[in-house]
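One point on numbering: in the working numbering, the residue at position 197 of the sequence shown is 1497, and numbering is uninterrupted. Following: one structure in structure tokens, then a few remarks.
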Amino acid sequence: MRLDLKLVQMYPSISRSKCQRLIADGAVTLNGRRTTEKDRKINISDEDEIILLDTSIIELDAQNTAPEPIKMDLDIVYEDEYLMVVNKPRGIVVHPGSGTIDPTLVSGILYHCGTNLSDAGGCDRPGIVHRIDRDTSGLLMVAKSNKIHDALKKQLSKHSITRSYIALVHGNFAENEGYIDSPIIRDPKNRIKKAALDEAKIRASLKNKNNYDAKKLDEAYYDFIKNSRSREAYTSYNVIESLNGFSLLRCTLKTGRTHQIRVHMASIGHPLVGDPLYGLKKTPWREEGQMLHAAILGFVHPVREEYLEFSVTPPEDFQKKVSKIRGGQKKRH
């Protein structure tokens, strides 16, 4: 993994561009020496010692990084007086948070819409109804009033919004479709990661430790689920194309948990290509973030009461990666 990507993994509240500047400025040490600009793309291992010298950078309060209007080339897929649908590019954070210093997508939205945005999600998230990860590209809803914001949030909570993603994952599938129904919790071993609960493994562990009978095992399992604060998560998937050692999938969300597709695909042994948190440690492909794209978004317009559905193709770098894999596959035949 590259040093700048490792730093983003260690401190997810800091943007990648900021991490690159910190490395260039010598604000990071690698195995006891201060880094330079040349170290940004250096490959590191788990044995390397990385230290951020000024940890106050990650202790910034979100209120101190409130978004300001900044002119951006927004890719607006749909807009009316009530809402917008925006195609977010890969590599940009949706809204400010602790440690986020660089301009985020909401800065561009503020410049475009002015004060005509909802604040139901907080002053640092004007208009934002839901979000996707920094390195995930694709479609987002933006509300121009609190009434519209609340109406769209209700559709999200009822799981009535259509959200389908294109994902490039490691490995091939025996079946062309499937689903994953595994609750998601915060990984107890890593506070920045999520984890999928495996019911069979949890039940086996509880039974082995306590020799429970069937009734007590059920009680112990549900107590474990309750105490872990797990949240139900359901992802269905279809294989769009099978490649040599890789698969192009369409993943559809019923629920929308943090990192859901990334966690679920990793839990069944098919992590996303380029995923710095849940992906393979060693891979023949060098990526700058997970290969995931929010391709389809559909919802009922809160005012017009008609179903709207939008779709966008993956960005150029995503398509080039798939084409490169296809090309390599053809050469081997």
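Cβ atoms here follow ideal geometry from the backbone N, Cα and C, with glycine treated the same way. This structure is a prediction, so every number in the text was calculated from the model and none was measured.
{"Query": "What does the alpha-carbon distance come out to for the pair Lys1581 and Lys1493?", "Result": "15 Å"}
{"Query": "Need the endpoints of the beta strand (DSSP E) that Ala1467 sits in, please.", "Result": "Thr1462 to His1470"}
{"Query": "Do Pro1426 and Val1406 have their C-beta atoms within less than 7 Å of each other?", "Result": "yes"}
{"Query": "I'd like to know if the region 1466 to 1475 and the region 1547 to 1566 are in contact, where contact means that at least 3 CB-CB pairs between them fall below 8 Å.", "Result": "yes"}
{"Query": "Can you name the start and end residues of the beta strand (DSSP E) that Arg1503 belongs to?", "Result": "Where Arg1503 is concerned, there is no enclosing beta strand (DSSP E), although the alpha helix (DSSP H) it sits in stretches over Glu1499 to Asn1510."}
{"Query": "Quick check on Gln1590: buried or exposed, where buried means 16 or more other Cβ atoms within 10 Å of its Cβ?", "Result": "buried"}
{"Query": "Mind checking whether Arg1302 and Ile1323 have CB atoms under 7 Å apart?", "Result": "no"}
{"Query": "Just the Cα atoms here: how many angstroms apart are Thr1335 and Val1328?", "Result": "6 Å"}
{"Query": "Helix, strand or coil for Phe1618 per DSSP?", "Result": "helix"}
{"Query": "Hey, out of Ser1457, Met1384, Met1372 and Arg1333, whose CA is closest to Leu1440's CA?", "Result": "Met1384"}
{"Query": "Pull up the distance between the alpha-carbon of Val1603 and that of Asn1446, whole angstroms please.", "Result": "13 Å"}
{"Query": "What residues in its chain sit with their C-beta under 8 Å from that of Glu1477, if we drop five residues either side in the sequence?", "Result": "Ser1536, Tyr1537, Asn1538 and Val1539"}
{"Query": "Please give me, in chain order, every unbroken run of the alpha helix (DSSP H) with length at least 4 that falls completely inside the region 1385 to 1463.", "Result": "1405 to 1413 and 1446 to 1457"}
{"Query": "Round the Cβ separation of Tyr1578 and Lys1554 to the nearest angstrom and send it over; I've been treating them as touching at under 8 Å.", "Result": "Not quite, the Cβ-Cβ distance comes to about 20 Å (not below 8 Å), so this is no contact."}
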